[in-house]
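K.L.:
Quick note, the sequence shown lines up with residues -26 to -1, 1 to 244 if you use mature numbering (1 follows the signal peptide of the UniProt record, and there is no 0). Got a structure for you, questions after.
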Amino acid sequence: MERSLKNLYAAICFAITGALSTQAMAECSKTLVVNQASWKPYMYRDQTGAMAGLDYELIKGILDQAGCDYVFVEHPSKRALVGLENGEVDLVTGASITPERQRYGRFTRSYRPEEIVLVTRAADRDRLRASSLQELMSSYPVVLGAVNGGYYGEEYGALDQDSLYRSNRLILVQDVERLIGMLELSRIDAIVGDAVSLHVTAGSLGLGHRIAVHRHRLSSDVVHLLLSAKSTTLEDLKVIDEAIESYVNSEAYRSLMRRYGFSGGEGADS
């Protein structure tokens, strides 16, 4: 009887230890500092002051799936990338792959789609005819606006941004709300940015009918989470990649994406 109890106790201890070991293997190496940028409908504070948005919900779903602990901080996009490079921020969302970011960060597999567009005042859509961003900037004296620190595809990257900035033809601000307001006040003539974010933000400001998407679309791609190479590990990347693969194939993911106007299945690397 005593031996049986000892064997039972040993079996229970082994099972608990094994469970704890499995749990530990699924966790990240630290409590992740995740940046919460102001970027409707992906990350923002709602009318009650609570954090909300598609990426906010997605990152929680992914990191909960991975078994990682995390806290949110709030920095503008440009400052967050500097913090990520320095190891003060561990993770940013909605990141496109660029050589510069690969120098100081590690990209996960993709987790949702993204479309980059040009937005103008509705009255200017047919007037500003162009088949490329370069043609638009060279053919018309337009002032272009964008969120500082954002990546908007190869066409935007190919512009002589320093020259445009010095000549006040490129205006960089911290959030989309300011860009929409500046477009309405004719302080800028076009905005380059995420299609969903521009549409939702203009609607929330009551200006949806005043803007239009230019006929030339800049890019359709997918976005990733970006981890700091300085403050996270390769094992963290592996754990989060596995969580993304599992999460984007779940009904919870598809339901969430449908709620925000996406079809729900895109975004996972094949």
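For each residue, glycine too, the CB sits at the ideal point set by N, CA and C.
Thinking just about the alpha-carbon of each residue, which of Ser229, Gln135, Tyr16 and Val47 is nearest to the one in Leu6?
P.N.:
If we check each option's Cα against that of Leu6, Val47 comes out closest.
K.L.:
Grouping DSSP H, G and I as helix and E and B as strand, with all else coil, what is Ile(-11)?
P.N.:
Interpretation of Ile(-11) is limited by its pLDDT of 41, a score under 50 that renders its predicted location unreliable; the figure taken from the coordinates is listed afterwards. The answer is helix: DSSP assigns Ile(-11) an H, G or I state.
K.L.:
So, does the stretch 198 to 213 touch the stretch 80 to 91, judging by three or more C-beta pairs under 8 Å?
P.N.:
The stretch 198 to 213 is in contact with the stretch 80 to 91.
K.L.:
Among the residues of its own chain, which have a CB less than 8 Å from the CB of Thr(-5), if the five just before and after it don't count?
P.N.:
Its pLDDT being 38, under 50, Thr(-5) is placed unreliably by the model, and nothing is read from it.
K.L.:
Take residue 269 as the anchor and find which of Trp13, Val8, Asp29 and Ser12 has the nearest alpha-carbon.
P.N.:
The structure shown does not extend to residue 269, since the chain is modelled only from -26 to 244, so the question has no answer here.
K.L.:
The alpha helix (DSSP H) with Asn9 in it runs from where to where?
P.N.:
Here Asn9 belongs to no alpha helix (DSSP H); instead the beta strand (DSSP E) covers Leu6 to Asn9.
K.L.:
Relative to the alpha-carbon of Glu225, which residue among Gln21, Leu32, Gly27 and Thr22 has its alpha-carbon at the smallest distance?
P.N.:
Measuring from the Cα of Glu225, the nearest candidate turns out to be Leu32.
K.L.:
Looking at C-beta atoms only, is the number of pairs between the stretch 62 to 78 and the stretch 138 to 151 that lie closer than 8 Å three or more?
P.N.:
Judged by Cβ distances under 8 Å, the stretch 62 to 78 makes no contact with the stretch 138 to 151, as fewer than three pairs qualify.
K.L.:
Between the beta-carbon of Arg191 and the beta-carbon of Val91, is there less than 8 Å?
P.N.:
A contact, by the Cβ cut-off of 8 Å.
K.L.:
Quick test of your reading: Thr94 and His183, contact by CB under 8 Å. State the CB separation rounded to the nearest angstrom.
P.N.:
Going by Cβ atoms, the distance from Thr94 to His183 rounds to 13 Å, so no, they are not a contact pair.
K.L.:
Please say whether Ala69 and Val197 have beta carbons closer to each other than 8 Å?
P.N.:
Yes, the pair counts as a contact, with Cβ atoms nearer than the cut-off.
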